[in-house]
Amino acid sequence: GDPLEGMALVHGRVVPEVVLRASAKTGEGLGDVMQAVEQALLSLNAMVSCLVPYAKGDLLNEIHTVGTIVEEEFVAEGTRVVAYVPPSLRGRLKPYIQD
Numbered sequence: 019g020d021p022l023e024g025m026a027l028v029h030g031r032v033v034p035e036v037v038l039r040a041s042a043k044t045g046e047g048l049g050d051v052m053q054a055v056e057q058a059l060l061s062l063n064a065m066v067s068c069l070v071p072y073a074k075g076d077l078l079n080e081i082h083t084v085g086t087i088v089e090e091e092f093v094a095e096g097t098r099v100v101a102y103v104p105p106s107l108r109g110r111l112k113p114y115i116q117d
């Protein structure tokens, strides 16, 4: 993707398109900041559908830790999972990804 996506040029400087205000003193606006951060992090993640063998429980544990589970089903061959995962984990899940 475009590294400047979501950015704007203001007075010759590249700045984020979204600016949120929050008060550290009163906490006002912190909910909006948290929501924006969560959305930004989720946008980095890709949705995968995979069948993780039971012998690869470490991978399944990592999906639960760093990913967002959408669907999970336990079948004879392993655990069928649909989840949003970061690019680093997606690479290691590649052998188990199903279309």
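One rule links them: number in my numbering = place in the sequence shown (from 1) + 18. All C-beta atoms, glycine included, are put in the ideal place defined by N, C-alpha and C.
**Prompt:** For Lys112, which residues of its own chain have a beta-carbon under 6 angstroms away from its beta-carbon, when the five flanking residues on both sides are left out?
**Reply:** Numbered from its first residue, the sequence shown carries residue 112 at position 94. No residues qualify anywhere along the chain.
Cβ distance (whole Å) where Ala101 is taken to contact Val66 below 8 angstroms: Here the question's residue 101 lines up with position 83 in the sequence shown. Here the question's residue 66 lines up with position 48 in the sequence shown. Indeed they touch by this definition, with Cβ atoms about 6 angstroms apart.
Delimiting residues of the alpha helix (DSSP H) encompassing Glu95: Reading the sequence shown from its first residue, position 77 is the one you call residue 95. Here Glu95 belongs to no alpha helix (DSSP H), and DSSP marks it neither H nor E.
**Q.** Length of the line joining the Cα atoms of Val103 and Gln116
**A.** Position 85 of the sequence shown, counted from the first residue, corresponds to residue 103. Position 98 of the sequence shown, counted from the first residue, corresponds to residue 116. Distance between the alpha carbons of Val103 and Gln116 is about 15 angstroms.
Practice item. Can you give me the start and stop residues for the alpha helix (DSSP H) that Val37 sits inside? Key: One-based indexing of the sequence shown puts residue 37 at position 19. Unbroken run through Val37: none, as it is neither H nor E.
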